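Each residue of the sequence shown is one higher than the one before, starting from 9 at the first, in my numbering.
Don't be surprised by glycine CBs; every beta carbon is placed ideally from N, CA and C.
All figures in this text were calculated on a predicted structure; none of them were measured in a lab.
Everything on this sheet refers to the single structure shown next.
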Amino acid sequence: MKSSTGVEPIRHAVTVEADQARTFSTFTRRLVTWWPIDSFAIEPGNVQDVRVEEHVDGRIYEVLKDGRERDWGHILRWEPPALVAFTWEVIQGPVFTEVELVFKPLGPSLTRVEMTHKGWENLTPLLMDYYLAHQSGWPMILGRLQSACSA
């Protein structure tokens, strides 16, 4: 569905060869092992860890090699192993976008991950370049999750 500004949410889905709980856990507890932190981070090449505080209002953040922390977002909905939604604060605020991931079991060892990244209409036109970068980046990132779960 298009917003009133004509900017559609970014949507992407992958099917993962792992059960729902493992897929959710890989996304939330093992981010640093599969997320492309050398290119998709606030300080690429300087990230030691990526952590998720597993509760509503919890942070998703990168820990830099010198110990500093940089927020990626804050948890809006936490419903393991079915759903996680969070603000996306990697794009400089004060207005942020939101990411929602739904983990749907398709079988004992098969899960569909559906991602929606919305709120782009709230950004200034100067920040809209990020929309195109995210539109092409999410398929690659979710492909890495897919590979990590299937390994």
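Supposed close pair residue i, residue j - CB separation, criterion 8 Å
i	j	result
residue 58	residue 45	7 Å
residue 126	residue 52	The Cβ separation is near 25 Å, so there is no contact.
residue 71	residue 83	In fact, because the Cβ distance is near 17 Å, the residues do not count as touching under 8 Å.
residue 111	residue 89	6 Å
residue 80	residue 98	6 Å
residue 27	residue 113	7 Å
residue 95	residue 108	That pair is no contact at about 11 Å.
For residue i: DSSP bridge partner residues
i	result
residue 15	Beta-bridge pairing links residue 15 to no other residue.
residue 113	119
residue 142	DSSP, once it has assigned bridges, lists no residue as partnering residue 142.
Helix, strand or coil at residue i according to DSSP, with G and I counted as helix
i	result
residue 123	strand
residue 150	helix
residue 25	coil
residue 7	Outside the displayed range of the chain (9 to 159) lies residue 7, so it cannot be described from this structure.
Host alpha helix (DSSP H) of residue i (start-end)
i	result
residue 159	No alpha helix (DSSP H) holds residue 159; DSSP gives it neither H nor E.
Complete runs of the beta strand (DSSP E) confined to the stretch 37 to 105 [at least 3 residues]: Runs of beta strand (DSSP E) with 3 or more residues, each lying fully within the stretch 37 to 105, are found at 55 to 60, 67 to 72, 77 to 87, 91 to 96, listed in chain order.
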